[in-house]
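J.: Numbering (my numbering), first residue to last: 406 to 947.
All C-beta atoms in this analysis are idealised placements derived from N, C-alpha and C, irrespective of residue type, glycine included.
This is the structure I have questions about; it appears just below.
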């Protein structure tokens with residue numbers, strides 16, 4: 406079966422998948438069960454080998470009188486029952502369910518985490534115990550896979566990271582051990598117990614081999630990339646190796662484009678989380694014939710995703726849209742995307758000059774980092790092109806200072822600007838374990854809230870569950886403040902009014918500040934007050 410055919414199969418509707426599963430059950434005279442409200446028996450799950458459940462795609466439903474009842478999706482393989490009876494040492498009774506429901510439960514359960522724990526058992530800091538007979542015993546699980554233990558370890562770390570929706574894998578070397586962390590929803594979490602330091606070189610070497618980096622070089626940073634196919638998904642990984650005082654550290658960025666394409670199958674501004682008023686204003690500016698649409702915020706605040714969503718909304722056969730990025734993170738149909746390659750001399754500035762000779766209507770510059778790129782982008786916006794770009798700044802008012810420091814003429818810059826969108830990402834409360842929470846009055850005051858106004862406000866938090874890996878959060882949403890370059894704002898910027906004056910004018914003209922946008926997410930139960938305080942300043946809207 407080709408990958409394309411496989412993908413078609415995956416995209417069948419839930420109703421169609423259930424209909425097929427019921428037909429299979431009827432054909433083989435087996436019972437069909439619906440797993441939507443299936444209650445996981447933690448003890449029964451823990452008694453099952455995690456790698457077997459994942460390999461054969463089954464879940465244990467019930468164990469009674471020496472008979473283990475399991476749910477599978479494919480009953481055509483008559484040998485599977487015999488194999489599992491042999492491997493599990495128990496009589497098997499098969500029931501049928503849908504594959505997506507089974508895989509969903511396996512993802513939610515700790516099964517993938519247990520595969521990782523089993524793979525890392527050999528490499529942990531070993532506690533040497535002494536038995537009564539005086540012999541030293543080391544607890545080591547024999548790895549049954551044909552692959553070498555080190556390959557299995559690194560593959561398990563990567564597989565588990567993907568299962569847990571991690572965006573990055575951090576391998577940090579310390580004095581006596583090696584820690585592995587995942588960045589999930591923007592926050593680092595330990596993936597497992599620390600590993601023994603003596604395995605550090607082998608782990609880093611394995612990652613270097615996968616990324617085609619120099620194994621012998623350990624004194625300078627190295628960057629590479631590799632691609633893996635997991636089931637039907639092709640996933641890209643970017644690797645950064647950096648020397649530290651205890652040895653080399655590694656960060657692996659996971660670029661799971663197919664998951665992104667599932668989440669953002671229709672990558673529009675609506676799915677990002679902005680409030681409807683902000684979306685309406687943004688849509689007006691991205692439809693402008695020329696000018697600069699500028700997005701600002703720190704690294705990892707979703708700037709590039711916002712630009713992609715904007716381009717996706719306005720692309721048409723009538724317009725030539727070209728982007729220059731470092732790197733190209735999503736691939737968009739109908740748009741020419743150019744990756745920066747500084748080793749070969751293709752910088753943002755050089756690429757942008759070349760793009761302008763390619764007859765574009767709209768241009769996206771991934772990031773403005775240097776004066777040359779800034780000047781070319783501004784000239785492009787002034788001479789009839791619509792330019793989308795990002796710059797690193799903390800808020801909309803810091804942007805002018807950034808450009809002035811690059812030696813840009815203020816008049817040209819301000820006249821090229823359509824608007825400045827500053828954004829952040831806040832974590833969303835897990836819907837599965839969302840509960841009302843009461844904050845002390847002192848904390849509400851510290852958060853800048855009026856006690857009289859909010860004494861009856863219901864706040865929410867996540868208690869932590871299997872669905873969210875115990876964090877209480879699942880996914881992130883964007884908050885934004887949009888500074889529209891009106892005549893009053895333009896005059897204020899050109900006459901170098903202080904930021905307080907510009908904020909006052911913007912407030913009078915209806916601007917919603919980041920702090921207010923964050924509190925909107927708190928009051929509607931999307932996020933927590935603690936998360937809003939972590940991402941925005943308490944006095945930001947004053």
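#1: On the criterion of 16 or more Cβ atoms from any shown chain inside 10 Å, does residue 809 qualify as buried, or is it exposed?
#2: Looking at residue 926 and residue 831, is the spacing between their C-beta atoms short of 7 Å?
#3: One question on the structure: do residue 644 and residue 657 come within less than 7 Å of each other, judged by their Cβ atoms?
#4: Go ahead and pull the three-state DSSP assignment for residue 798.
#5: Where does residue 782 sit, in a helix, a strand or coil, going by DSSP?
#6: Rounded to whole angstroms, what's the CA-CA distance from residue 930 to residue 834? Just pull it up for me.
#7: Just to confirm my understanding: we take residue 570, look at its own chain, exclude 5 residues before and 5 after, and list those with CB closer than 7 Å. What are they?
#8: Rounding to the nearest angstrom, what Cα-Cα distance links residue 468 and residue 501 in this structure?
#9: Under DSSP, the alpha helix (DSSP H) around residue 567 begins and ends at which residues?
#10: Which residue comes first and which comes last in the alpha helix (DSSP H) that contains residue 736?
#11: As a quick exercise: from 497, 702, 681, 785, pick the residue whose alpha carbon is nearest that of residue 818.
#12: How about residue 440 and residue 506: are their beta carbons less than 7 Å apart?
#13: Roughly how many whole angstroms lie between the Cα atoms of residue 859 and residue 838?
#14: Are the region 736 to 751 and the region 712 to 721 touching by the rule of at least three beta carbon pairs closer than 8 Å?
#15: Starting from the Cα of residue 923, find the closest Cα among 854, 426, 652 and give me that residue.
#16: Going by C-alpha distance, which of 634, 452, 492 is nearest residue 461?
#17: Closest to residue 899 by CA distance: which of 815, 829, 617, 917 is it?
#18: Return the residue from the list 582, 914, 650, 481 that minimises the CA-CA distance to residue 432.
#19: Would the beta-carbon of residue 695 fall within 7 Å of that of residue 790?
#20: Considering only C-alpha positions, which residue in the set 908, 565, 724 is nearest to residue 886?
#21: Can you check which of these residues, 827, 607, 629, is closest to residue 803 by C-alpha distance?
T.: Inspection of the coordinates gives the following:
#1: exposed
#2: yes
#3: Going by beta carbons, residue 644 and residue 657 fall inside the 7 Å limit.
#4: If DSSP states are grouped into helix, strand and coil, residue 798 belongs with coil.
#5: It is helical.
#6: 8 Å
#7: 589
#8: 16 Å
#9: 554 to 568
#10: Where residue 736 is concerned, there is no enclosing alpha helix (DSSP H), given that its DSSP letter is neither H nor E.
#11: 785
#12: yes
#13: Rounded to whole angstroms, the separation of the alpha carbons of residue 838 and residue 859 is 24 Å.
#14: yes
#15: 854
#16: 492
#17: 815
#18: Selected option, being the one with the closest Cα: 481.
#19: yes
#20: Distance check between residue 886 and each of 908, 565, 724 places 908 closest, using alpha-carbon atoms only.
#21: 827
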